[in-house]
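Asker: So the sequence shown is numbered by our numbering: it starts at 682 and just counts up by one.
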Amino acid sequence: MKTISIENYKTNAASGQSSLGSKTTAIGTYGAYFALAVIYFWFGGMKFTHYEAQGLVPLVSNSPFLGWVYNIFSVDTFSSLLGVLEVSIGALIAGRLLSPKLSLIGGALSAGLFFTTLSFMLSTPGVIEPSLGFPAISVAPGQFLLKDIGLLAASIFVAGHSLTALENR
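#1: Report buried or exposed for Thr805, applying the criterion of at least 16 other Cβ atoms within 10 angstroms of its Cβ.
#2: State the beta-bridge partners of Ile818 as determined by DSSP.
#3: Out of Gly841, Asn743, Val808, Phe815, state which residue places its alpha-carbon closest to the alpha-carbon of Phe852.
#4: Assuming Leu844 and Leu794 form a contact by the criterion Cβ under 8 Å, report the distance between their Cβ atoms to the nearest whole angstrom.
#5: Since Gly709 contacts Gly764 with CB under 8 Å, what's their CB separation in whole angstroms?
#6: Do Phe838 and Ala713 come within 8 Å of each other at the CB atom, strictly closer than that value?
#7: Does DSSP put Trp723 in a helix, in a strand, or in coil?
#8: Under a three-way DSSP split, which group does Phe795 fall into?
#9: Does DSSP put Arg850 in a helix, a strand or coil?
#10: Using only alpha-carbon positions, find the residue among Ala772, Ser812, Ala821, Ile830 that is nearest to Ser719.
#11: Quick one: grab the DSSP three-state call for Asn752.
#12: Less than 8 Å between C-beta atoms, sequence neighbours within five positions excluded: which residues of the same chain meet that for Leu847?
#13: If you count every other CB in all the chains shown that lies within 10 Å of the CB of Ala789, and 16 or more means buried, which is it?
#14: In its own chain, which residues sit with a C-beta less than 8 Å from the C-beta of Gly736, not counting the 5 before and 5 after it?
#15: Where does Thr705 sit, in a helix, a strand or coil, going by DSSP?
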C-alpha cells in the first residue's frame, strides 16, 4: 500500500503531476464560476416575466434599501432592469474564460447583490416562523433567502480567485 506524505506531494508537485485533491479543487473552482453564471442567466432571464416581477414585490417593497424603487419604476420595469443587471453579472463571471478582470468585476457585483438580498431576511415579513420558535424560518421567503449565504460566499470566492490571478501576472 502506498503511503501519502508531504515529501510525495512535493515530488508530485515539482514534477508537474497533479494530485487528486488539486484536480478536485480545480473542478470545484471552475464549477463555482459555471454555477454562478448559470444561476444569473436563469434568474436574470426570469426577471423579464411578469410572474417573477410580482414575486419580487414583497421583498423589495419592505426593504429599507430598495423600497423606494417602486416610486420611480413600475414593478415590471424594475424587474427588467434587475434582469439586465443579473444577466450582465452572469456574463462577467463567465468572462473568466477571457480575463480575470471580467470575473473580478462580476464576483464583486454578485457579492453586493447577494448581500442586498440577504438584508431582505431582516425586513421581509414572514421570514421567521414564530410558531416554531427560534431559529425556525419559513420555506418562503426564509429558506429561499437563506441560500444566498452560500451564493454570497461563492461570489466572494470568484472575486478573490480572479484577483489572485491578476496579482500573479
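Think of the CB as a built atom: it goes at the ideal place given N, C-alpha and C, for glycine as much as any other residue.
Given the structure is predicted, the values throughout are model-derived calculations rather than measurements.
Answerer: So, to answer that:
#1: buried
#2: Ile809
#3: In the structure as shown, the chain starts at 682 and stops at 850, and residue 852 therefore has no counterpart that could be examined.
#4: Incorrect: roughly 18 Å between the Cβ atoms, too far for contact.
#5: Gly709 to Gly764, Cβ: 28 Å. No contact.
#6: yes
#7: helix
#8: helix
#9: coil
#10: The residue you asked about is not Ser; residue 719 is Val in the sequence shown. Checked all of Ala772, Ser812, Ala821, Ile830; the closest Cα to Val719 is Ala772.
#11: helix
#12: Pro781, Lys782, Leu785
#13: buried
#14: none
#15: helix
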